[in-house]
Amino acid sequence: MSIDEPILIPITTIQPTFTNVVKEVYDGLIPSENIWVSQYHGTDSTHARFRVSLDEEDRQKIVFEPTNAESKKLSLGSSQSSYTVNNTTLLIPTQTYIHAEPPSRITALAVSDDKSQFAIGLLDGSGYLYPITPQSTSTPEKYPHPHTPTTQPQALVDPSIPGNRKAHKSTINALQFFPSSRVLLSAGADFAIRVFPAEPPSLSTTTTSPSNAPNTNPAHPARTLTAHTRPITSIAINPLDRGRTVLSASLDGSVRVWNVASGTEVAEKRIRHGGGGVVDMVLEGEKGRVYTAIQDGSFEVYTVDLVGVEGSASRRIFKSTRSSAGPMSTIAVSTGEAVMAVGYTSGLVSLYTIEGELETALEKPVVTFRRNTASIEGLSFLGGVEGTEEVRLGIATADGLPWIAGITLGEKVEVRVYAELTGGEIDAVRDIVALEEEVWTVCDDGVVRRYVIP
1107 MSIDEPILIP
1117 ITTIQPTFTN
1127 VVKEVYDGLI
1137 PSENIWVSQY
1147 HGTDSTHARF
1157 RVSLDEEDRQ
1167 KIVFEPTNAE
1177 SKKLSLGSSQ
1187 SSYTVNNTTL
1197 LIPTQTYIHA
1207 EPPSRITALA
1217 VSDDKSQFAI
1227 GLLDGSGYLY
1237 PITPQSTSTP
1247 EKYPHPHTPT
1257 TQPQALVDPS
1267 IPGNRKAHKS
1277 TINALQFFPS
1287 SRVLLSAGAD
1297 FAIRVFPAEP
1307 PSLSTTTTSP
1317 SNAPNTNPAH
1327 PARTLTAHTR
1337 PITSIAINPL
1347 DRGRTVLSAS
1357 LDGSVRVWNV
1367 ASGTEVAEKR
1377 IRHGGGGVVD
1387 MVLEGEKGRV
1397 YTAIQDGSFE
1407 VYTVDLVGVE
1417 GSASRRIFKS
1427 TRSSAGPMST
1437 IAVSTGEAVM
1447 AVGYTSGLVS
1457 LYTIEGELET
1467 ALEKPVVTFR
1477 RNTASIEGLS
1487 FLGGVEGTEE
1497 VRLGIATADG
1507 LPWIAGITLG
1517 EKVEVRVYAE
1527 LTGGEIDAVR
1537 DIVALEEEVW
1547 TVCDDGVVRR
1557 YVIP
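Counting from 1 along the sequence shown, just add 1106 to a position and that's the residue number in our numbering.
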């Protein structure tokens, strides 16, 4: 599978602490301070510095003044929900949840459907639940900055029990809440899938201490599912039976279907039996389709009976050739927009349509784009923009510069930066979750960031 010359998308970065500078100037704690802004587009770059100060006449207004000729190439402004550099929107996280328990590298994220809680998985196999603090309903701040709720996490397993110190023996690679939002599915590099009860931790469990130690009411695993022989990379919950069956994909090349109640694999429904390792998977429940990204740079689509009680063999309906772009790293599907996106370790993202005959639709991407060569760690669709043909795609990257792509599907396909997701340093962003008009990210810096789309 050859890839046409990709569209090169610009990058806009800003000093991670710039919202602190703006707040200190606005509150009168400091008279002024400089911040930096950079833009990159291929080999071209602009590096600007702006002096942040209060307006001489309107002392409720912040002024961003360029400090040199290079800085005048860019224009920095603000609104009640974001900042802008020229025509690029910079989204500020509305909330940041800081996980202080070492090690802090977060590798997986899930947000419950009812938005009462989220779960994180760590590099060392630990897992935690956090209650979600409701967004403020007061008048929006004139100059937005992140808020850090003082909530404590709840460990998925009780670390005081001998031999049961962590949710998994190795890295947690995937998390997903069941439709009830009170049960959590997890999968790890230890070849195991686990089911945990997940009652939300109390919002009243707050602390003034800098420590985020787990509280005293952790859950215990209700089921452990084992059969894979390599790390598990992805999981899915069958929406047609409200989670009585779940799916898992692994680097052993298999995609398996499990009966949660019995804790056993439904071997007759196994979707994939081997071959190249599966790095990611998406279940399109209503159509009974499973989309898989393969380690060798190809992808496959299967149909599977998710309703029948008796075992029914799956059927492969499409297999791509290996891509010239190199190994795949992630895959995402938007059923509403009928599109599929795949990400590569080389930094490329390709978009396909999935309506009509798949053999024709998936033969060639409608567009391929990149910003640089940093690996694509995660993709998540936000859906379209009402009244337009634009689809929005959240993109997590190993360079620590997550963003939202706006992709216009029409006679002429166009890709733009819908928004930059700011707040991080240069730590890799390992997972991204889009939920209605929100985007959540997790990062190697141990911070969960919540963004609201204006």
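Note that CB positions come from ideal geometry on N, CA and C, so glycine has one too. Predicted, not measured: the structure shown is a model, and the values here were computed from it.
Who are residue i's beta bridge partners in DSSP?
| i | result |
| --- | --- |
| Ile-1083 | The shown model of the chain, from 1107 to 1560, leaves out residue 1083, and the question about it has no answer. |
| Asp-1537 | Val-1548 |
| His-1326 | None, per the DSSP bridge assignment. |
| Leu-1527 | Leu-1197 |
| Lys-1425 | Glu-1406 |
| Gly-1349 | Answer is none; Gly-1349 lacks a bridge partner. |
| Ala-1216 | Ala-1225 |
| Ala-1154 | Val-1143 |
| Leu-1485 | Ile-1501 |
| Phe-1302 | Leu-1290 |
| Phe-1170 | Val-1158 |
Run the CB neighbour count on residue i, radius 10 Å, all protein chains shown included, and call it buried at 16 or more, exposed below.
| i | result |
| --- | --- |
| Val-1413 | exposed |
| Arg-1422 | exposed |
| Ile-1505 | Here residue 1505 turns out to be Asp, not Ile, going by the sequence shown. So Asp-1505 ends up on the buried side. |
| Ser-1420 | buried |
| Thr-1503 | buried |
| Glu-1496 | buried |
| Ser-1430 | exposed |
| Lys-1375 | buried |
| Gln-1186 | exposed |
| His-1274 | buried |
| Arg-1348 | exposed |
| Ala-1175 | exposed |
| Thr-1563 | Since the displayed the chain opens at 1107 and closes at 1560, residue 1563 lies outside it and no answer follows. |
| Ser-1151 | exposed |
| Arg-1383 | Going by the sequence as given, residue 1383 is Gly instead of Arg. The residue is buried, with at least 16 neighbouring Cβ atoms inside 10 Å. |
| Gln-1201 | buried |
| Arg-1165 | exposed |
| Pro-1246 | exposed |
| Val-1439 | buried |
In angstroms with no decimal places, state the Cα-to-Cα distance between residue i and residue j.
| i | j | result |
| --- | --- | --- |
| Gly-1449 | Ile-1136 | 44 Å |
| Val-1407 | Ile-1437 | 12 Å |
| Ser-1317 | Glu-1463 | Here Ser-1317 scores only 44 on pLDDT, less than 50, and its place in the model is too uncertain to base an answer on. |
| Ala-1467 | Arg-1155 | 46 Å |
| Thr-1125 | Phe-1170 | 12 Å |
| Gly-1516 | Glu-1111 | 19 Å |
| Ser-1276 | Val-1519 | 42 Å |
| Arg-1395 | Ala-1214 | 24 Å |
| His-1334 | Glu-1465 | 30 Å |
| His-1205 | Ala-1295 | 21 Å |
| Val-1539 | Gly-1500 | 8 Å |
| Ala-1511 | Leu-1457 | 11 Å |
| Thr-1239 | Pro-1199 | 14 Å |
| Tyr-1557 | Leu-1527 | 8 Å |
| Leu-1357 | Glu-1461 | 29 Å |
| Tyr-1249 | Val-1143 | 17 Å |
| Gln-1145 | Leu-1235 | 37 Å |
| Gly-1403 | Ser-1244 | 48 Å |
| Lys-1272 | Asn-1279 | 14 Å |
| Gly-1391 | Val-1523 | 30 Å |
Report the three-state DSSP secondary structure of residue i (helix, strand or coil).
| i | result |
| --- | --- |
| Tyr-1249 | coil |
| Asn-1365 | strand |
| Gly-1394 | coil |
| Val-1521 | strand |
| Val-1472 | coil |
| Phe-1297 | coil |
| Asn-1140 | strand |
| Ser-1360 | strand |
| Ser-1292 | strand |
| Ala-1467 | helix |
| Ala-1431 | coil |
| Thr-1119 | strand |
| Ile-1124 | The sequence shown places Phe at residue 1124, not Ile. Residue state, collapsed to three classes: helix. |
| Ala-1447 | strand |
| Ala-1373 | helix |
| Ser-1184 | strand |
| Ser-1340 | strand |
| Glu-1496 | strand |
| Val-1439 | strand |
| Ser-1177 | helix |
Nearer than 8 Å: is that true of the beta carbon of residue i relative to any heavy atom of the ligand FAD?
| i | result |
| --- | --- |
| Gln-1145 | Questions concerning the ligand FAD fall outside what the structure shown contains, since it holds no ligand whatsoever. |
Determine, using beta carbons only, whether residue i comes closer than 9 Å to chain D.
| i | result |
| --- | --- |
| Lys-1518 | Considering every chain present, this structure includes no chain D. It has just one protein chain. |
Meets three-Cβ-pair contact criterion under 8 Å: the segment 1549 to 1557 and the segment 1208 to 1218: yes
Given 8 Å, three or more beta-carbon pairs between the segment 1187 to 1206 and the segment 1216 to 1223: no
Inter-stretch contact at 8 Å, needing at least 3 Cβ pairs: the segment 1365 to 1382 / the segment 1329 to 1348: yes
Meets three-Cβ-pair contact criterion under 8 Å: the segment 1529 to 1548 and the segment 1482 to 1498: yes
Stretch-stretch touch, CB-based, cutoff 8 Å, three pairs: the segment 1287 to 1294 with the segment 1246 to 1256: no
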